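This report refers to the structure that appears directly beneath it.
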Amino acid sequence: CNDARREQRGTRAVTADCCCCFPGLGHGTFVAGVIASMRECQGFAPDSELHIFRVFTNNQVSYTSWFLDAFNYAILKKIDVLNLSIGGPDFMDHPFVDKVWELTANKVIMVSAIGNDGPLYGTLNNPADQMDVIGVGGIDFEDNIARFSSRGMTTWELPGGYGRVKPDIVTYGSGVRGSGLKEGCRSLSGTSVASPVVAGAVTLLARIVDKNGDHIDVAVSYSPVLWPWAGYLAVSISVAKKAASWEGVAQGHVMVTVASPAENDSDVSGELTSTVKLPIKVKIVPTPPRSKRVLWDQYHNLRYPPGYFPRDNLRMKNDPLDWNGDHIHTNFRDMYQHLRSMGYFVEVLGAPITCFDASQYVTRVTSSVNTTTSRRKLQHGLCFMFCLFYNRQYGPEKQRRPQWWMPDTGGANVPALNELISVWGMAFSDGLYEGDFTLADHDMYYASGCSIARFPEDGIVIAKNLKDQGLEVLKQETAVVEGVPILGLYQTPSDGGGRIALYGDSNCIDDSHRQKDCFWLLDALLQYTSYSMTPPSLSHSHSRVAPPTGVEHPLPQRLDGNHLYRYSKVLEAHLGDPKPRPLPACPHLSWAKPQPLNETAPSNLWKHQKLLSVDLDKVALPNVKSYRPQVRPLSPGESGAWDIPGGIMPGRYNQEVGQTIPVFAFLGAMVVLSFFVVQLTKAKGKPKRRKPRIKRPTYLQQQTTATTVAPGKTPTV
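Once you know that position 97 of the sequence shown is 97 in the UniProt record's numbering, the rest is easy, because the numbers rise by one and skip nothing.
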């Protein structure tokens, strides 16, 4: 079978349908070579994977059942492109036609030869005349419709319908070079060889044009009017549900059209438009497992501007404002990079807690929360908190501006956090602590953090000796407090309940003014919240203490006269204490409807010079009968490519016109050329006659002179 015998590896599967490795024919070998040959006659898609289906005998006898078996196997193997260099006039062969419909319904691109019954109109062959099949006609190298190519309207619709124009596409089908039966190349003509040309090109297009744009959902929001100064264009990208387990690169473009009135005010209907194409290219990874998905709560963080929210570390007096945003791509970037290096995927929640599916995430991280969180919003059972200081007495210093500027809360809104976690019997205190300590053989620094005031009795609590920074701020005195609870781990008792981890300081994961990082602790806490694996260094630590009850110490209260409601997303102004706002509606994006790109190349593109041009009306390309003892060559005006001796299914036949190159004229020209070359070589190699060196006698010269004067006489010597 020559080139078609081997299985070629590639990303797209192409099938050459017809008989291959048939002694004396070679029709399938030629068709397969046009698609994927890698030898002298290069195919279109040499890296494709070929599946060869034998559906004819040497006598071109076939059964419909053979085709059905081949089609079923193609569906099973999920073939991308199926080439059929066969055809017949019987479009009422219902099992065959129905199976073709089933093929195309299973996303198989079917390419079929239109037939060799031209130039008569109305000679289309099935299945190329079907609407879901690409029917291929033939042209010569002068871009003229080949005389043998079938053409005209389909007859399915008659008499009630008008018919459809076929073929769908034409390509070179006259004198096409392809793989020979045994070796080398040969030339064939017919729509049988035009069909694999299209099949090979479709294979390349399917590999190149597929940008996987249908794997992403894109939503666009924009300013309806660009006034008075400028506008905005926001593009939201999400992975489609069908690509949840797919990995690769998806790309496309967003086309934006901006219209403005004409410069001439008199022209009311005039309008100037500009169109811009914005390319989009994203990398998609399969949806990670729940144990690797972390949710970062950004919705409840407040920053400067607009309000006065102090820095998390009171030691940094030259940088008192918390203005970095507390985002994973700002001052928590190192933490984000660390989590990504550990295989976690971090997503940012910019909406209320009620707007996400907690079953998809293993941990929700809350750090430096400055606004109130409603108790109704946290019924999902997973939480991970890094707290900061809060105390009504020794808050940050007032900032002197045209008026005294009082902070609306501390480094974290501890009263709001306590309301959130009170359902589990947990609370933070208003203590303010700092100091160096060692935990699980790691050096740690506690920078302006708070302590745990209440914790369930069956939880794990770690305590350390720290300095009372609040006493230092108020009285400039130094004191060490022993057994300050700073870390707590708790497993909720309900069935399927989650786990909660509390830590009193976030400076160790914050890039801003961080002295010692605690990423190792972050990993340990994620292991606990994800897999309920308590680190032995914490559960068996000598620093473990009994959980505090906090009954004797009052919990921190909100500042009197604060204006937190001005900046909070969940509080609204009210006489007395602020009350929660109604829960806002969750944001919903309107996804744009994608449009596949199918742009036709302009007609003024440069065209290459035609090679191997053949005029079929002037130059006959004869068939060689000696190599095909059972095949009669096609005569002009006959139907079909070969004469079928008879069989069960004579309506299906190969769409090929056999031919060989005439060599006698070429050999004669070579003989004549060789003759002239030899004669020219001999003429150049013959030596010239030399003049004698002995001078003639004088009397001979005189006789010669006399002879010149009297030419009528011939002197004798």
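Built from N, CA and C at the ideal position, the CB exists for glycine as well.
No experiment lies behind these values; they were computed from the predicted model shown.
task = Please classify Ser245: is it buried, with 16 or more other beta-carbons within 10 angstroms of its beta-carbon, or exposed?
result = Exposed.
request  = At 4 residues or longer, and completely inside the stretch 55-88: list those alpha helix (DSSP H) runs for me, N to C.
outcome  = 64-76
key: Spatial distance of Asp312 from Arg558 (CA atoms)   = Each residue's Cα considered, the two are about 18 Å apart.
ask   = In the stretch 308-370, which residue ranges form an unbroken alpha helix (DSSP H) of at least 4 residues, counting only runs that do not cross its ends?
value = 333-341
inquiry  = In the DSSP assignment, the alpha helix (DSSP H) including Asn116 goes from what residue to what residue?
reply    = Asn116 -> no alpha helix (DSSP H), and no H or E assigned at all.
inquiry  = Tell me the residue span of the beta strand (DSSP E) that contains Tyr162.
reply    = No beta strand (DSSP E) contains Tyr162, which DSSP labels as neither H nor E.
query = Count the other CB atoms within 10 Å of the CB of Thr191; is the residue buried (16 or more) or exposed (fewer)?
reply = buried
ask   = Whole-angstrom Cβ separation of Phe345 and Lys292, contact assumed at under 8 Å?
value = 6 Å
key: Reference Phe148; option with closest CA among Thr64, Tyr121 and His588   = Tyr121
ask   = Unbroken beta strand (DSSP E) runs of length 3 or more, entirely within the stretch 113-156: which are they?
value = The DSSP assignment places 134-139 as complete runs of the beta strand (DSSP E) inside the stretch 113-156, in order along the chain (cut-off: 3 residues).
inquiry  = With a threshold of 8 Å, are at least 3 pairs of Cβ atoms found where one atom belongs to the stretch 153-168 and the other to the stretch 67-83?
reply    = no
request  = Would you kindly check if the distance between the Cβ of Lys277 and the Cβ of Gln251 is under 8 Å?
outcome  = no
request  = In angstroms with no decimal places, state the Cα-to-Cα distance between Asn413 and Gly343.
outcome  = Asn413 and Gly343: Cα-Cα distance of roughly 31 Å.
message = Considering only their Cβ atoms, is the gap separating Ser451 from Val484 smaller than 8 Å?
response = yes
request  = Run through the stretch 505-567 for me and flag every whole alpha helix (DSSP H) of 4 or more residues, listed as ranges in chain order.
outcome  = Listed in chain order, the complete alpha helix (DSSP H) runs (minimum 4 residues) inside the stretch 505-567 are 519-531 and 536-539.
message = Report the CB separation of Lys99 from Leu68 in whole angstroms; it is logged as a contact under 8 Å.
response = 5 Å
task = Enumerate in chain order the residues of its own chain whose CB-to-CB distance from His513 is below 6 Å, with the five nearest sequence positions on each side excluded.
result = Asn313 and Met316
ask   = Just the Cα atoms here: how many angstroms apart are Lys682 and Ser674?
value = 12 Å
query = Under the rule that 16 or more other beta-carbon atoms within 10 Å means buried, what is Asp408, buried or exposed?
reply = A buried status is given to Asp408, since no fewer than 16 other beta-carbon atoms sit within 10 Å of its beta-carbon.
task = Keeping to the same chain, check which residues put their C-beta closer than 7 Å to that of Gln298; ignore five residues upstream and five downstream.
result = His327, Val348, Leu349 and Gly350
query = Count the other CB atoms within 10 Å of the CB of Asn126; is the residue buried (16 or more) or exposed (fewer)?
reply = buried
request  = Could you say which of Asp523, Trp156, Arg207 and Glu482 lies nearest to His338 if we only look at CA atoms?
outcome  = The residue among Asp523, Trp156, Arg207 and Glu482 with its C-alpha nearest the C-alpha of His338 is Asp523.
query = What three-state label does DSSP hand residue 719 in the structure shown?
reply = Because the chain here runs from 1 to 717, residue 719 falls outside it and cannot be looked at.
query = Going by beta carbon distance, what residues of the same chain come within less than 7 Å of Gly173, once the five residues before and after it are set aside?
reply = Gly138, Ile139, Ala146, Ser149, Ser189, Gly190, Thr191, Val193 and Ala194
ask   = What are the start and end residues of each continuous alpha helix (DSSP H) run of 4 or more residues lying completely inside the stretch 185-236, in chain order?
value = Runs found: 191-208.
request  = Work out the CA separation of Asp334 and Cys518 for me, nearest whole Å.
outcome  = 11 Å
query = With a Cβ-Cβ cutoff of 8 Å, do Leu487 and Val461 count as a contact?
reply = yes
Start and end residues, alpha helix (DSSP H) containing Glu472 = Gln469 to Lys475
task = Drop a sphere of 10 angstroms on the beta-carbon of Trp296, count the other beta-carbons inside from all chains shown, and report buried for 16 or more, exposed for fewer.
result = buried
query = Hey, would you say Thr363 sits closer than 8 Å to Trp424, going by beta carbons?
reply = Going by C-beta atoms, Thr363 is not nearer than 8 Å to Trp424.
query = With a Cβ-Cβ cutoff of 8 Å, do Thr534 and Leu502 count as a contact?
reply = Cβ atoms of Thr534 and Leu502: not closer than 8 Å.
ask   = Terminal residues of the continuous alpha helix (DSSP H) containing Glu419?
value = Val414 to Ile421
task = Give the secondary structure of Glu183 by DSSP, where H, G and I count as helix, E and B as strand, and everything else as coil.
result = coil
message = Going by beta-carbon coordinates alone, are Ile114 and Val97 separated by less than 8 Å?
response = no
task = Take the Cβ of Leu272 as the centre, count every other Cβ of all protein chains shown within 10 Å, and call the residue buried at 16 or more, exposed below.
result = exposed
Met444 and Lys516 closer than 8 Å at C-beta = yes
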